[in-house]
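A.B. asks: Before I ask anything, here is the structure I am working with.
Numbering (our numbering), first residue to last: 161 to 356.
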């Protein structure tokens, strides 16, 4: 089954073994995702690049998740608003990701305030998170959005993520075409708000 191919890599406890499985089983999927997503994002004034996680600094602990990110800088993506599609051992995630070390933070915060109504209109099943390195999301509600935005504004180490997560046992993640449609639809919905 499609989702088994992706999620099973995290059962490998050895760092080298897990990295090899990610390269063999997950990265080709991320290549396919990139081919589908870049044409959606690269419209009008935007020129996104795809960055598949290489985990180059992993020598002791195996990665707990892996991803492909889409950013508009050729040299990297973490310092700018970017989109991420990735997996943990039990879930797929699709985020608009604003990390801690983002450039022009005040401008980004202002934009999050301006786009609040548009994002809230997405409703369920969209969710929020304040840390891309841990599992755990909260539902997209006005209160949660305002709390997370306030936290992001006050604390330099805070992050702001909005998107969707799907658990491994959900039926739609068993079929590759369904997963691809979910990713495309989610990125398109987020980009129609953020990139306008």
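Built from N, CA and C at the ideal position, the CB exists for glycine as well.
Identify, in the order they occur along the chain, each residue of the same chain with its Cβ nearer than 7 Å to the Cβ of residue 202, setting aside the five sequence neighbours on each side.
C.D. replies: Excluding sequence neighbours, residue 202 sits near 208.
A.B. asks: Quick check: the segment 172-181 against the segment 315-332, are there 3 or more CB pairs under 8 Å?
C.D. replies: Because the criterion of three Cβ pairs below 8 Å is not met, the segment 172-181 and the segment 315-332 do not touch.
A.B. asks: Check residue 248 in the structure and name its three-state DSSP category.
C.D. replies: In this structure, residue 248 counts as coil in the three-state DSSP scheme.
A.B. asks: Using a Cβ-Cβ cut-off of 7 Å (strictly less than) and excluding sequence neighbours within five positions of residue 220, which residues of its own chain qualify?
C.D. replies: Here the set comprises 175.
A.B. asks: With the cut-off set at 8 Å, would you say residue 354 and residue 222 are in Cβ contact?
C.D. replies: In this structure, residue 222 does not lie closer than 8 Å to residue 354 by Cβ.
A.B. asks: Since residue 143 is in the alpha helix (DSSP H), which residue starts that stretch and which ends it?
C.D. replies: Since the first residue shown for the chain is 161 and the last is 356, residue 143 is missing from the structure and cannot be characterised.
A.B. asks: Measuring only the C-alpha atoms, how far is residue 276 from residue 231?
C.D. replies: Rounded to the nearest angstrom, the two C-alpha atoms are 22 Å apart.
A.B. asks: Look up residue 260 in the DSSP assignment and say whether it is helix, strand or coil.
C.D. replies: Three-state DSSP puts residue 260 in coil, outside helix and strand.
A.B. asks: Roughly how many angstroms lie between the CA atoms of residue 162 and residue 336, to the nearest whole one?
C.D. replies: Spanning the two alpha carbons is a distance of roughly 6 Å.
A.B. asks: Between which two residues does the beta strand (DSSP E) harbouring residue 185 extend?
C.D. replies: Looking at the DSSP string, residue 185 is not in any beta strand (DSSP E), and its letter there is neither H nor E.
A.B. asks: Please report the distance separating the alpha-carbon of residue 300 from that of residue 259.
C.D. replies: Spanning the two alpha carbons is a distance of roughly 18 Å.
A.B. asks: When the Cα of residue 164 is compared with those of 194, 248, 228, which residue comes out closest?
C.D. replies: The shortest Cα separation from residue 164 among 194, 248, 228 belongs to 248.
A.B. asks: Below 7 Å CB to CB, which residues in the same chain sit around residue 298 once its five sequence neighbours on both sides are set aside?
C.D. replies: The residues are 287, 288, 304.
A.B. asks: Give the secondary structure of residue 237 by DSSP, where H, G and I count as helix, E and B as strand, and everything else as coil.
C.D. replies: Correct three-state label for residue 237: coil.
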